[in-house]
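Structure first, commentary second.
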Amino acid sequence: MKGRKLLMIPGPIEFEPEVLAALAAPTTSHVAPDFIEAFGEALEWMRDVFLCPDGQPLVVAGSGTLAMDLAGANLVEPGDRALVVNTGYFGDRFAALLGRYGAHVTHVRAAVGGRPALAAVEAALQAGRFKLMTVTHVDTSTGVLTDVRGLAALARQYETLCVVDGVCSVAGEALRMTEWGVDVALTASQKAISVPPGLALLMAGPRAMAAFHARKTPVANYYADWANWLPVMAAYEARKASYFGTPAVNLIWALNVSLGQIVAEGLDARFARHAALGRACQGALAALGLGQVPLQPEYAAHTMTAPRYPAGVSGADLLPRIGAAGVTLAGGLHPAIKAEYFRIGHMGPTSLNDLLATIGALEVGLAGCGYRFDVGAGVAAALRAYQG
Ligand code: PMP
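Per numbering that gives the first Met the number 0, the sequence shown starts with residue 0, numbered consecutively.
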């Protein structure tokens, strides 16, 4: 860690040394008995991490956008109607992707930093028969957390599949697929799953599998077609060799290590730790007088935070100063407010120490920009808020 910056962006993140060691190990055959065991075990652990005991896990080499494709390509048939609960950039991406497979997409939107009220989503569900609804659990462009539990319940009521983009949430924010009635949740390795970028992960519940099996038209994406991957996943779980496309062997070794760590920590403990990190970061910002993109405190995610620059401070001035103080943060992403805010990731192995170092570097940067505040107030508030 010495002599390099702490990576505190909303993915990729800091990774555990054991996970990185797995990546650096000599590559095995993808049909070697020990690799088959590691992949099979990782698939089993995915059900624990997604809290979906009867789900079908899929792990395919690619980024989070491929995980979105794995959902869209296999669930949409031309002419299907899809509802996008849109809280930012990644809602727009899902809509574009679903449209590519022939869906007629309706958005329920909110102001930037807001989230659509359940009543607005219900009104949309009432107005049209939708095959599926997508929800971005944490939109990384706004730091807005959606009420997946409430939205999934509505989807059930209106017999619509609930697909959750959990790229910035799975294994960080509380997400209980089976209990909440979520049909598909998807993520990527580089966020709270805590493995370097390169794996798309998806969990499909029984209703999503039934919808896939009831398709009348072929899947328009060859690489993402579940029909190609389901036999491979089944074989590895049965501890047998199989092949469709060469798995990202070292990443899957690393995934096995990380999922083992996540399961050992326990999902409830992990959700509580992320909640504490979110509280600490947001408490620090409030103490420093910085606002946030989410319009209400309960809309703010726990895996990341989206602070607004205070008056008179620009990203071009502040972010390099924070970098010089040893911490890398991310600039804005949402096109409407890109220059007005920045982003801090605090998920996966992030510790209280990492967060305190980050708030310390933020204070150094703010002071360098001439912003006036009570030095140390952010760090003290973070410490207090972390305790609860
Ligand atoms: N959805 C969300 C919520 C994300 O944060 C991201 C990545 N930042 C993606 C989808 C796309 O993932 P990737 O960049 O790995 O393709």
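Idealized CB from N, CA, C, for every residue including glycine. All of these numbers come straight from a predicted model, not from anything done at the bench.
Check                                                                                                                    : Outcome
Anticipated Cβ contact below 8 Å, A279 with L351, distance rounded                                                       : 7 Å
Cut-off 8 Å between Cβ atoms - residues of its own chain near L250, not counting five sequence neighbours on either side : L22, A60, S188, V194, P195, G197 and L198
Among N220, T349 and P293, nearest to F341 - alpha-carbon criterion                                                      : P293
N-terminal and C-terminal residue of the beta strand (DSSP E) that D164 is part of                                       : L160 to D164
Which of helix, strand or coil DSSP assigns to Q156                                                                      : helix
Contact check, D224 vs V218, beta carbons under 9 Å                                                                      : yes
Reduced DSSP category for P319 - H, G, I as helix; E, B as strand; rest coil                                             : helix
F89 CB to nearest heavy atom of the ligand PMP below 8 Å                                                                 : yes
Three or more C-beta pairs below 8 Å linking the stretch 74-86 and the stretch 96-114                                    : yes
Buried/exposed call for R238, threshold 16 Cβ in 10 Å                                                                    : exposed
Contact under 9 Å by Cβ, M303 with C167                                                                                  : yes
Beta bridge counterpart(s) of R272 as assigned by DSSP                                                                   : Paired residue(s): none; R272 is not in a bridge.
Start and end residues, alpha helix (DSSP H) containing L351                                                             : L351 to G367
Residue burial classification, K215 (beta-carbon count within 10 angstroms, cutoff 16)                                   : exposed
At least 3 beta-carbon pairs within less than 8 Å: the stretch 125-135 vs the stretch 89-98                              : yes
Minimum C-alpha distance to G277 - residue among E172, Y222 and L254                                                     : E172
Candidates V363, Y385, E236 and Q295, of which the one nearest A389 by Cα                                                : Shown here, the chain extends from 0 to 387; a query on residue 389 therefore has no answer.
DSSP state of I261 mapped onto helix, strand, coil                                                                       : helix
Counted within 10 angstroms of its Cβ, other Cβ atoms place S28 as buried (16 or more) or exposed                        : exposed
Contact check, A184 vs M208, beta carbons under 9 Å                                                                      : no
Assigned secondary structure, L57 (DSSP; H/G/I helix, E/B strand, else coil)                                             : strand
Boundaries of the alpha helix (DSSP H) in which T135 is found, first to last residue                                     : It is not in any alpha helix (DSSP H) - T135 instead sits in the beta strand (DSSP E) that spans L131 to T135.
Separation of G347 from A329, as counted between CA atoms                                                                : 17 Å
Straight-line Cα distance separating R80 from G265                                                                       : 38 Å
Burial state of D33, where buried means 16 or more other Cβ atoms lie within 10 Å                                        : exposed
Selection from I261, G180 and A116 that minimises the alpha carbon distance to R17                                       : Arg is not the amino acid found at residue 17; the sequence shown has Glu there. Of the candidates I261, G180 and A116, the one whose C-alpha sits nearest the C-alpha of E17 is I261.
Terminal residues of the alpha helix (DSSP H) in which A324 lies                                                         : Careful: A324 lies outside any alpha helix (DSSP H) and carries neither H nor E.
In DSSP terms, what H106 is bridged to                                                                                   : V83
Minimum Cβ-Cβ distance from Q295 to chain B less than 9 Å                                                                : Considering every chain present, this structure includes no chain B. It has just one protein chain.
Closest by C-alpha distance to A170, when choosing among V120, Y222, A234 and A274                                       : A274
Residues bridged to D138 [DSSP beta-bridge criterion]                                                                    : V143
Counted within 10 angstroms of its Cβ, other Cβ atoms place E362 as buried (16 or more) or exposed                       : buried
I343, enclosing beta strand (DSSP E) - first and last residue                                                            : F341 to G344
C-alpha distance - R128 paired with M67, whole-angstrom precision                                                        : 22 Å
Sheet register partners of A187 (DSSP bridge)                                                                            : A199
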